[in-house]
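Engineer: Right, I'll just put the structure down here and ask away after.
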Amino acid sequence: VKQLGGAGFEFYSEEMQTGSLERLKMENDLRKALQRDELCVYYQPKVCLKENKIYEAEALVRWNHPESGLVSPGSFIPIAEETGLISAVGEQVFVQSCQQISAWLNKGLSIKVSVNLSAQQLLHNDLVSFIGDTIKAHKVPAHLIELELTESSLIEDPERTVEILEQIKALGVTLAIDDFGTGYSSLSYLQRFPLDILKIDRSFLKEVTSADPQQATLTKAIIALGHNLDMKIVAEGVETRAQLDFLKYQHCDYAQGFLISPPVPAQTFFELVERYNA
Ligand code: C2E
Ligand code: CA
Ligand code: CA
Ligand code: CA
């Protein structure tokens, strides 16, 4: 049993996922979870480093399991992807995020929320109309929505993906490349796809403050590359003050990580932002 950020315990261990019976149980449980509204969304702030203010958050799904408490996405997203349930999961996360943006706007707080999109969702026929309809239904300004895509999901069907992404961008939604630097694809896709934001994977942050100056070279190069392509840069997994200082010095645009806050429920996020931006 792994502990989940002090907020609960995970019932599904890695070993359980490998057994087919346990997988089947999880698939069934997940189907029920979708019907019973057991999925909820936590929000992790991204700090604007220039202003030292929070205007943005990443939406991260959690499963409020009736028996085992809060289950983290690492243990059920892979099953959701294998079983095709990921599109339904993703739709619920997107709807909840829109409801939340709208609720915050009603309280006088404008927060841009980025939502993770799986490869399957991206190639799903109705994605563009689903996004357009949902933001309209919840009266969410499109510029307050961002979608996070991974390299692997972009290269599955590049031609079709470019078309879909252009349509999403035409709605006014922005696009981020997630976990940058961990994939196998060539750098050319940074120009090929209409991306606004580059999220440096947290593995690049680990060594930036070590005594060896070489360690920071890759991170600096990624920031420069993104800026030269007119993208904003988000650094993920910021855990120390030294990392934050490095990122500010390198003109990285946003920082996200446990140093600022772990992902938290919406109400906690609201209180955090009120304190932070005061
Ligand atoms: P991700 O998109 O790369 O999200 C960032 C993960 O890093 C989150 O884990 C977050 O809690 C964690 N994290 C944030 N700051 C730090 C830090 O300072 N140090 C460390 N060590 N970790 C940090 P989480 O919430 O468990 O999500 C794991 C992954 O599950 C996500 O990785 C994403 O790939 C997937 N995921 C989460 N929600 C969704 C969703 O709604 N849809 C899809 N398709 N995938 C999702
Ligand atoms: Ca992400
Ligand atoms: Ca990421
Ligand atoms: Ca990741």
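Residues in the sequence shown are numbered consecutively from 688, following UniProt numbering. We put the beta carbon where it would ideally sit given N, CA and C, even for glycine. Predicted model only: the values in this text are computed from it and were never measured.
How big is the Cα-Cα spacing for ASN751 and ASP883?
Structural biologist: Taking the straight line joining both Cα atoms gives about 33 Å.
Engineer: Nearest to residue 634 by CA position, among LEU809, LEU757, GLN937 and LEU892, is which residue?
Structural biologist: Beyond the ends of the chain as shown, which are 688 and 965, falls residue 634; an answer cannot be given.
Engineer: Would you call the CB atoms of ALA744 and ILE798 closer than 9 Å?
Structural biologist: Yes, the pair counts as a contact, with Cβ atoms nearer than the cut-off.
Engineer: Using three-state DSSP, classify ASP866 as helix, strand or coil.
Structural biologist: Correct three-state label for ASP866: strand.
Engineer: Buried or exposed for ASP865, please, with buried defined as at least 16 other CB atoms from any protein chain shown within 10 angstroms of its CB.
Structural biologist: ASP865 is buried by the Cβ-count criterion.
Engineer: CB of VAL748 to nearest heavy atom of ligand 1: below 8 Å?
Structural biologist: VAL748: yes, Cβ under 8 Å from ligand 1.
Engineer: Can you tell me whether PHE945 is buried or exposed, with buried defined as 16 or more other CB within 10 angstroms of its CB?
Structural biologist: Exposed: under 16 other Cβ atoms inside 10 Å.
Engineer: Determine the burial state of GLY749: buried for a count of at least 16 other Cβ atoms within 10 Å of its Cβ, exposed for fewer.
Structural biologist: The amino acid at residue 749 is misidentified as Gly; the sequence shows Arg. Buried, since its Cβ has 16 or more Cβ neighbours within 10 Å.
Engineer: Quick one: is the Cβ of GLU725 within less than 8 Å of any heavy atom of ligand 1?
Structural biologist: Checking the Cβ of GLU725 against ligand 1 gives no.
Engineer: If we ignore side chains and look at the alpha-carbon of each, how far apart do GLN786 and GLU961 end up?
Structural biologist: Approximately 19 Å between the Cα atoms of the pair.
Engineer: When you get a sec, list the residues whose CB is within less than 6 Å of any heavy atom of ligand 3, chain order please.
Structural biologist: Residues with a Cβ closer than 6 Å to any heavy atom of ligand 3, in chain order: ASP865, ASP866, LYS886 and GLU923.
Engineer: GLY756 by DSSP, collapsed to three states: which one?
Structural biologist: Reduced to three states, the DSSP call for GLY756 is strand.
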